[in-house]
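Peer 1: Chains as they are written, first to last, in the numbering used here: chain V, 6 to 115; chain L, 6 to 115.
Glycine residues also receive a C-beta, built at the ideal position from the N, C-alpha and C atoms.
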DNA sequence: GCTATCTATGGCGGTTTTGCCATAAGGCAA
DNA sequence: TTGCCTTATGGCAAAACCGCCATAGATAGC
């Protein structure tokens with residue numbers, strides 16, 4: 006029997022866009038910090054230790070994916086996490102990492 | 006107070022590698038199909054409609070991330086999902102997409 | 001042996017991402 | 001106004017990603 010995609014391709018493209026936005030260490034560091042509450046760009050810049058323009062672009066990626074939202078207050082811009090499911094995301098990722106560790110250990114032992 | 010990453014950078018890099026592996030439509034299509042059980046490369050190639058070498062490389066990415074494992078049987082190689090948390094991952098992604106739709110609608114309405 | 005099938009790998013262009021620099025835009029204070 | 005601070009954007013080069021072609025390796029069957 007022929008195997009076919011369960012959903013239209015556009016659905017997978019939309020999903021991939023979200024996952025791709027989560028696929029960079031600096032963006033994950035920022036999201037982790039933002040889980041405790043909103044932070045301004047200056048704080049996030051110091052957090053990841055990259056150029057301010059780089060951080061701003063990373064935030065733009067997260068915003069375009071709908072993962073964070075921003076709020077201007079005077080000169081500063083505060084970003085906050087917009088979705089509540091990231092906890093589940095972390096757990097999923099961590100469970101993969103844990104499984105990988107187990108596999109590596111088994112490979113060494115064998 | 007200075008904000009600092011909650012975990013060592015390597016941790017975020019490992020996490021990002023997983024997320025990045027999930028950041029391509031073809032790979033998501035394959036993972037979705039593989040949730041029903043293992044499939045050979047030839048079936049997955051037909052599924053995504055790309056070159057066989059392209060599919061093989063996509064599978065290599067998923068395998069290196071520890072998301073799938075493979076099993077050789079004669080000439081064929083069967084891939085299967087290695088982790089059980091992907092369902093939670095889908096739900097997280099879908100909740101982001103749903104939230105984005107809401108935001109877009111609100112933007113149009115306003 | 002030879003041939004056909006299935007899969008993995010190398011290579012090559014084209015596209016996308018990434019990070020920094022420079023700079024522009026906007027707000028606050030003196 | 002001038003100056004300072006914060007953020008966003010454009011540009012550029014380096015790197016990574018992606019897709020196909022060609023091909024090599026391995027196995028099954030003749």
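For the alpha helix (DSSP H) containing residue 107/L, list its first residue and its last residue.
Peer 2: Start and end: 91-114.
Peer 1: In whole angstroms, give me the CA-to-CA distance for residue 85/L and residue 74/L.
Peer 2: Computed Cα separation, rounded: 6 Å.
Peer 1: Suppose contacts are defined by Cβ-Cβ distances below 7 Å. Is residue 34/L in contact with residue 53/L by that definition?
Peer 2: Yes, the pair counts as a contact, with Cβ atoms nearer than the cut-off.
Peer 1: For residue 65/V, which option in 98/V, 23/V, 114/V, 91/V has the closest C-alpha, if you only look at C-alpha atoms?
Peer 2: Comparing Cα-Cα distances from residue 65/V to each of 98/V, 23/V, 114/V, 91/V, the minimum goes to 23/V.
Peer 1: By DSSP, does residue 56/V sit in helix, in strand, or in coil?
Peer 2: In the structure shown, residue 56/V sits in coil (DSSP, three-state: anything other than H, G, I, E or B).
Peer 1: Say whether chain L places a C-beta atom closer than 7 Å to the C-beta of residue 19/V.
Peer 2: Yes, its Cβ sits closer than 7 Å to a Cβ of chain L.
Peer 1: Three-state secondary structure (DSSP) at residue 78/L?
Peer 2: DSSP places residue 78/L in strand when its eight states are reduced to three.
Peer 1: Looking at the structure shown, is residue 27/L part of a helix, part of a strand, or coil, going by DSSP?
Peer 2: Residue state, collapsed to three classes: coil.
Peer 1: Could you check what DSSP says for residue 86/V in three-state terms: helix, strand or coil?
Peer 2: In the structure shown, residue 86/V sits in a strand (DSSP, three-state: E or B).
Peer 1: Please classify residue 98/L: is it buried, with 16 or more other beta-carbons within 10 angstroms of its beta-carbon, or exposed?
Peer 2: Under this definition residue 98/L is a buried residue.
Peer 1: For chain V, check one thing: does any of its Cβ atoms lie closer than 7 Å to the Cβ of residue 113/L?
Peer 2: Taking Cβ atoms only, chain V never reaches closer than 7 Å to residue 113/L, which makes this a no.
Peer 1: Got a sec: which bits of the segment 28-41 of chain V sit with their beta carbon under 7 Å from any beta carbon on chain L, in order along the chain?
Peer 2: Here the close residues are 28, 29, 30, 33, 34, 37, 38.
Peer 1: Assign residue 20/L to buried or exposed, taking buried as 16 or more other Cβ atoms, counted over all protein chains shown, within 10 Å of its Cβ.
Peer 2: So residue 20/L counts as buried.
Peer 1: What residues of chain V sit near residue 52/L, judged by a beta carbon separation below 8 Å?
Peer 2: Correct list: 8, 9, 10.
Peer 1: What residues from chain V crowd round residue 48/L, counting only those whose CB sits closer than 7 Å?
Peer 2: What residue 48/L touches in chain V: 8.
Peer 1: Would you call the segment 43-53 of chain V and the segment 77-94 of chain V in contact, with 3 or more CB pairs under 8 Å?
Peer 2: Yes, the segment 43-53 of chain V is in contact with the segment 77-94 of chain V.
Peer 1: Taking all protein chains shown into account, decide if residue 80/V is buried (16 or more other Cβ within 10 angstroms of its Cβ) or exposed.
Peer 2: Burial call: exposed.
Peer 1: Have a look at residue 57/V and residue 112/V and give me their C-alpha separation to the nearest angstrom.
Peer 2: One C-alpha to the other measures close to 42 Å.
Peer 1: Return the bridge partner residues of residue 46/L from the DSSP annotation.
Peer 2: BP columns for residue 46/L are empty, so no partner.
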